[in-house]
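A.B. asks: Counting in our numbering, the sequence shown runs from 301 upward without gaps.
Note that CB positions come from ideal geometry on N, CA and C, so glycine has one too.
Got a structure for you, written out below as structure tokens; questions coming shortly.
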Amino acid sequence: MREFPSLERLYQQFKTRDFIVLAVNMGEPADQIRSYMLTHKLTFPTLVDLKSQVADRYSVRATPTRFVITREGKVIAGSIGPRDWTSGEAQRLIEILLDGSRTPRKE
């Protein structure tokens with residue numbers, strides 16, 4: 301949940317541009333996540349995956365793991381470990397994806 305503040309900024313920046321931020325939490329119960337989100341004024345969508353169904357589908361073996369997934373469900377980028385979603389590198393990646401001019405590769 302350490303990344304959540306930068307994910308919120310990312311969500312606010314791109315929410316009107318055909319880009320979705322969705323956090324999938326595998327560790328904490330829904331009421332704990334809801335409380336954290338409210339306390340920290342986080343508004344991006346969050347999915348609680350206590351049975352690891354989403355994690356299994358995308359072969360998640362460590363957290364945090366994140367993916368960029370097309371509308372068709374194809375993973376086109378991914379990374380493991382904390383990231384600053386407000387960095388210039390992250391912003392450029394998202395702009396490239398929204399522009400559709402290139403497909404990034406997985407790390």
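1) Return the chain-ordered list of same chain residues with a C-beta closer than 7 Å to the C-beta of Lys341, the five sequence neighbours on each side being excluded.
2) What whole-angstrom Cβ distance do Val321 and Leu338 have, given they're in contact under 8 Å?
3) Tell me, to the nearest whole angstrom, how far the beta carbon of Leu398 is from that of Asp318; I am working on the premise that it is less than 8 Å.
4) Pick from Thr343, Gln332, Arg334 and Thr316: whose alpha carbon is nearest that of Pro305?
5) In or out: Arg361 buried (at least 16 other Cβ within 10 Å) or exposed?
C.D. replies: The relevant details are as follows:
1) none
2) So it is not a contact: roughly 17 Å between Cβ atoms.
3) 7 Å
4) Thr343
5) exposed
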